[in-house]
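The numbering used here puts the sequence shown at residues 4 to 177.
Glycine included, C-beta positions come from ideal geometry on N, C-alpha and C.
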Amino acid sequence: CLKMDLGNKLSKESGLDASKYRHGQIIESDNQKYRVEYRMDPEATDSHGHKPHEHASVVIVMLFGCMVVAQILLYFWKKYHYMTYQVVTLFGLWVIPMIISTKLLYWKMMIIWTAFSIKTFEVMRRASRKPLGKSVPRQVYSWFFLIYKSCYGMAVGGYVMCVLEFVGVFQLAR
Numbered sequence: 004c005l006k007m008d009l010g011n012k013l014s015k016e017s018g019l020d021a022s023k024y025r026h027g028q029i030i031e032s033d034n035q036k037y038r039v040e041y042r043m044d045p046e047a048t049d050s051h052g053h054k055p056h057e058h059a060s061v062v063i064v065m066l067f068g069c070m071v072v073a074q075i076l077l078y079f080w081k082k083y084h085y086m087t088y089q090v091v092t093l094f095g096l097w098v099i100p101m102i103i104s105t106k107l108l109y110w111k112m113m114i115i116w117t118a119f120s121i122k123t124f125e126v127m128r129r130a131s132r133k134p135l136g137k138s139v140p141r142q143v144y145s146w147f148f149l150i151y152k153s154c155y156g157m158a159v160g161g162y163v164m165c166v167l168e169f170v171g172v173f174q175l176a177r
């Protein structure tokens with residue numbers, strides 16, 4: 004199986020236009036098999052004359068710097084304006100997943116989020132009534148303990164699946 008690189012004399016000799024085929028595809032021509040491979044020219048540069056990998060270290064340093072600065076700003080915001088920090092972060096943690104799910108049309112997530120929000124608001128409404136019913140503290144605790152147990156169970160299940168995948172158990176099932 005001969006390899007056919009774009010722009011290589013092999014593609015010219017074979018008479019095949021490699022741009023019409025996907026990477027790794029096997030092509031037969033004149034009783035010979037060719038495998039299309041797309042390779043980046045090591046001397047390739049962008050419009051400013053830089054090689055592609057030259058920007059990678061700068062981008063990583065900038066991302067790391069932004070993360071450090073953001074953590075420092077969050078620390079001081081929490082330290083000096085605790086209530087606004089709590090309100091904004093709680094609102095963000097509650098609303099941002101729904102915005103992303105709506106934008107990406109994840110219907111299951113939107114349904115689960117809506118059901119969770121309705122149930123949580125119902126529990127909060129019961130807990131804020133005066134006088135407080137005898138069974139309300141148990142209901143509030145039970146609801147949030149159920150949420151905790153389900154999140155913990157999903158985390159353990161995900162960890163076990165990652166370990167099984169790493170070990171190769173899923174490869175045996177194929």
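Pick from the options that is closest to residue i, judged by C-alpha positions
i    : options          : result
M113 : T123, K122, I102 : I102
T117 : K133, W97, R128  : W97
Span of the alpha helix (DSSP H), counted from its first residue to its last, around residue i
i    : result
L108 : Counting along the chain, L108 falls outside any alpha helix (DSSP H), and DSSP gives it neither H nor E.
R141 : 139-170
Rounded straight-line distance, which links the Cα of residue j to that of residue i
i    : j    : result
I115 : C154 : 14 Å
S60  : L77  : 26 Å
L13  : I63  : With a pLDDT of 45 at L13, under the threshold of 50, the predicted position of this residue should be treated as unreliable, and no value is reported.
E125 : S131 : 10 Å
Y83  : Y151 : 30 Å
S104 : G136 : 36 Å
F147 : L108 : 28 Å
V72  : F94  : 22 Å
Y85  : G171 : 47 Å
P134 : V91  : 30 Å
N11  : C165 : Any reading at N11 is ruled out, since the residue's pLDDT is 48, under 50, leaving its predicted position unreliable.
T87  : V163 : 38 Å
V159 : F169 : 15 Å
W110 : I121 : 16 Å
F79  : M65  : 21 Å
Residue i Cβ short of 7 Å to the ligand SAM heavy atom set
i    : result
K106 : The ligand SAM is absent from the structure shown, which contains no ligands of any kind.
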